[in-house]
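Participant:
Protein chains: 2
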Amino acid sequence: MAKTNPPFMSGVPELLILRLLGRQEMYGYELVRAVRVISNDAFDLAEGVVYPVLHGLEKKKFLKAKRKSIAGRNRVYYTVTVKGKKRMSELSGEWERVKGGIDSALGEQHG
Amino acid sequence: MAKTNPPFMSGVPELLILRLLGRQEMYGYELVRAVRVISNDAFDLAEGVVYPVLHGLEKKKFLKAKRKSIAGRNRVYYTVTVKGKKRMSELSGEWERVKGGIDSALGEQHG
DNA sequence: TATATTACCTATTTGTTCTAGGTATGATAA
DNA sequence: TTATCATACCTAGAACAAATAGGTAATATA
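Quick note, the sequences are listed as chains A and B, same order.
Residue numbers for the first sequence, in full-length UniProt numbering: 1 to 111.
Residue numbers for the second sequence, in full-length UniProt numbering: 1 to 111.
1. Does chain B have any CB closer than 9 angstroms to the CB of residue 70 (chain A)?
2. Among A:8, A:6, A:18, whose alpha-carbon lies nearest the alpha-carbon of residue 92 (chain A)?
3. Using the Cα positions of residue 52 (chain B) and residue 27 (chain B), report the straight-line distance between them to the nearest angstrom.
4. Taking 9 angstroms as the CB-CB cut-off, is residue 48 (chain B) touching chain A?
5. Taking the continuous alpha helix (DSSP H) assigned at residue 86 (chain A), which residues delimit it?
6. Just verifying my parser: in three-state terms, what is the DSSP assignment at residue 65 (chain B)?
7. Would you tell me roughly how many angstroms separate the C-alpha atoms of residue 30 (chain B) and residue 38 (chain B), rounded to the nearest one?
8. Grab the span of the alpha helix (DSSP H) containing residue 30 (chain B) for me, first residue to last.
9. Could you please tell me which residues of the UniProt domain "Transcription regulator PadR N-terminal" (17 to 89) of chain A, in chain order, have their CB closer than 9 angstroms to any CB of chain B?
What follows is the structure, encoded as structure tokens:
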């Protein structure tokens, strides 16, 4: 039933989150919407995807979290560390490599 | 140690194999090399990746296998079924969607 | 008062890639 | 002859990330 391993999605949540947090600090719930927006509605990551990724990235020191109380709301804001920025450029390099490979494969003549 | 889940690789072996076999029948060992070629060396799938994918696709009726003896060699040739062709166009549609989403995200202005 | 929204969380399932082996045959080199 | 390399197939298990499907609690709105 569960379609848990959709094609081409590995690494995508991490990339999108690092990308967004590289622009400005954000909290999890906010990221869920922001992902839809920057991806032009291509991706709609559930909270159950976003939060575990955030925790994983924090554990690996790619992100730093700070709790804030704003407008009576308790939020966890995340920012990208230096290590996280390196990871981001590593990831986008990988993305370009993979994209190049697949587009090369799909672009070849039929027959 | 084992780097088993590299980013952006989910669905890639399946896509490449369906793509190659959509052009002409091939056997596993041959596919390993062909993948390197069409992907312009972006991908180098080990035999341990290719064979299980072939078996999985055959089980799902996306591929059909026939054993052949050629030049004193025993080989298993695969061809894409009608169902496999549908799967292929589904997959490449997904690829375009994901590519569009990520490129949209990465393309946005820095801030 | 009841419902919707905000905001956080995690356990479990799923399934795919990858590693790291292994077997057997035929061709080539020493 | 012997040893090595290339061909050609195979699988078990590890690793691991995404997705599902829940849950809690506070605030805002109907």
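Using N, Cα and C, we set each Cβ at its ideal position, and we do this for glycine too.
Facilitator: By the coordinates alone:
1. No, its Cβ sits nowhere closer than 9 angstroms to a Cβ of chain B.
2. The shortest CA-to-CA distance from residue 92 (chain A) to any of A:8, A:6, A:18 is the one to A:18.
3. Straight-line Cα distance between these residues: approximately 13 angstroms.
4. False, the Cβ-Cβ gap to chain A never drops below 9 angstroms.
5. Note, residue 86 (chain A): alpha helix (DSSP H), 82 to 107.
6. It is a strand residue.
7. Taking the straight line from one Cα to the other gives about 12 angstroms.
8. Unbroken alpha helix (DSSP H) run through residue 30 (chain B): 28 to 38.
9. Using a CB distance below 9 angstroms, the part of the UniProt domain "Transcription regulator PadR N-terminal" (17 to 89) of chain A facing chain B consists of 19, 20, 22, 23, 24, 35, 38, 39, 40, 41, 42, 43, ordered along the chain.
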